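Numbering (full-length UniProt numbering), first residue to last: 1 to 397.
See below:
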């Protein structure tokens, strides 16, 4: 869909979507929230909302206008509800949250616990259940929602699209909506994991329109690692390799690139096409064990060394090497979970509960201590489907 057609559709959707809301209030009377950030203060919370100006994104509008399609407002309160209500001392319209795309929780607040923070959003029916969650990393949530993005007209759209695209084609983020997070926070057999986001560059420069006008933006948003929770508190972070390993172990990665060393310097890139994951448990000497079985199919997409990939032996070596790369990433994620944050983010407890409920009943109350010593066996199978065309690029002299 072309950008102009998209804007027409979005504008019409907003007009239709709010019809009947707020006692049939007119659209110009509403402040439509697209993203919100929540930070901790000394006395409570700071709420930052990214408000859409539908007039500015209207492609049919003639003449000029403001330079940005959103405005950020902030207010503080002892509770989140109070902070939202106090926003009306600054926002000239009635705040409408029914189109909110993303909620960003500040890292400091996440470390203190998010259960109370989430309560309002699941209790209040005006907030949509599909809102995606992110944790700001090394910066406050207010700075994340204040960055103006050069590609997407609405910054909240970029927050959501970048999160979903990374999960789809690279595999270091995880798409978690608010209901997913609440379920895991309240679960006793799997801890929560949420994508982390950081601001690259000067956060203050990202708030001004010059960030949209430069060919290279002063400030940008970047999803970086996965935030690991224990109960409802942020306990630590997975780096990029560990984040991919986590998603492999969960069966979340549908497409990505696996780089395999080739010779002393070069690499061969494999394009992963699909995968299957199956985790099972068994009992040995009265102790549970976990088996994580991964099967992948991939194509050779980029050869940067002199390996003759037309030979079956070379293909077999590549498959074995790729299996080692994937297994290493999963092992790193499991080690971080067991010895670092000591949190069962993989749902191994649920696997044991599902297959051996009698054993789970005995260890459930002390699962944290059992998890850190839980034996986990990884089985990875990679199958190369196509090797591509060879034009004697590395013909020997």
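Cβ atoms here follow ideal geometry from the backbone N, Cα and C, with glycine treated the same way. Note that this is a predicted model, so its numbers are computed, not measured.
Secondary structure at residue i, three-state DSSP: helix, strand or coil?
{"i": "residue 256", "result": "strand"}
{"i": "residue 394", "result": "For residue 394, the pLDDT reaches just 46, beneath the cut-off of 50, and the residue's location in the model is therefore unreliable, although a value from the coordinates is still provided. Residue state, collapsed to three classes: coil."}
{"i": "residue 173", "result": "coil"}
{"i": "residue 387", "result": "coil"}
{"i": "residue 341", "result": "coil"}
{"i": "residue 307", "result": "coil"}
{"i": "residue 94", "result": "strand"}
{"i": "residue 186", "result": "coil"}
{"i": "residue 159", "result": "helix"}
{"i": "residue 330", "result": "helix"}
{"i": "residue 267", "result": "strand"}
{"i": "residue 148", "result": "coil"}
For residue i, list the residues DSSP reports as bridge partners.
{"i": "residue 293", "result": "278 and 379"}
{"i": "residue 39", "result": "46"}
{"i": "residue 76", "result": "46"}
{"i": "residue 227", "result": "194 and 237"}
{"i": "residue 283", "result": "288"}
{"i": "residue 219", "result": "201"}
{"i": "residue 400", "result": "Any property of residue 400 remains undetermined from this structure, which presents the chain solely from 1 to 397."}
{"i": "residue 133", "result": "103"}
{"i": "residue 71", "result": "51"}
Throw me the rounded Cβ distance for the residue i and residue j pair, which I believe falls under 8 Å.
{"i": "residue 226", "j": "residue 297", "result": "Not confirmed; about 25 Å, so no contact."}
{"i": "residue 196", "j": "residue 140", "result": "With a Cβ gap of about 13 Å, residue 196 and residue 140 do not count as contacting."}
{"i": "residue 241", "j": "residue 329", "result": "5 Å"}
{"i": "residue 149", "j": "residue 221", "result": "7 Å"}
{"i": "residue 174", "j": "residue 167", "result": "6 Å"}
{"i": "residue 185", "j": "residue 124", "result": "Actually they are not in contact, since the Cβ atoms of residue 185 and residue 124 sit about 17 Å apart, beyond 8 Å."}
{"i": "residue 228", "j": "residue 193", "result": "6 Å"}
Compare the C-beta of residue i against all C-beta atoms of chain C and say whether one is closer than 8 Å.
{"i": "residue 134", "result": "Among the chains in the structure shown there is no chain C, since it carries only a single protein chain."}
Beta-carbon separation of residue i and residue j under 8 Å?
{"i": "residue 351", "j": "residue 281", "result": "yes"}
{"i": "residue 400", "j": "residue 35", "result": "There is simply no residue 400 to check, as the chain begins at 1 and stops at 397 in what is shown."}
{"i": "residue 255", "j": "residue 276", "result": "no"}
{"i": "residue 154", "j": "residue 52", "result": "yes"}
{"i": "residue 49", "j": "residue 95", "result": "yes"}
{"i": "residue 258", "j": "residue 332", "result": "no"}
{"i": "residue 132", "j": "residue 163", "result": "yes"}
{"i": "residue 46", "j": "residue 81", "result": "no"}
Buried or exposed for residue i, going by 16 or more other Cβ atoms inside 10 Å?
{"i": "residue 130", "result": "exposed"}
{"i": "residue 372", "result": "exposed"}
{"i": "residue 283", "result": "exposed"}
{"i": "residue 383", "result": "exposed"}
{"i": "residue 137", "result": "buried"}
{"i": "residue 4", "result": "Interpretation of residue 4 is limited by its pLDDT of 45, a score under 50 that renders its predicted location unreliable; the figure taken from the coordinates is listed afterwards. When all chains shown are included, residue 4 counts as exposed."}
{"i": "residue 378", "result": "buried"}
{"i": "residue 245", "result": "buried"}
{"i": "residue 235", "result": "buried"}
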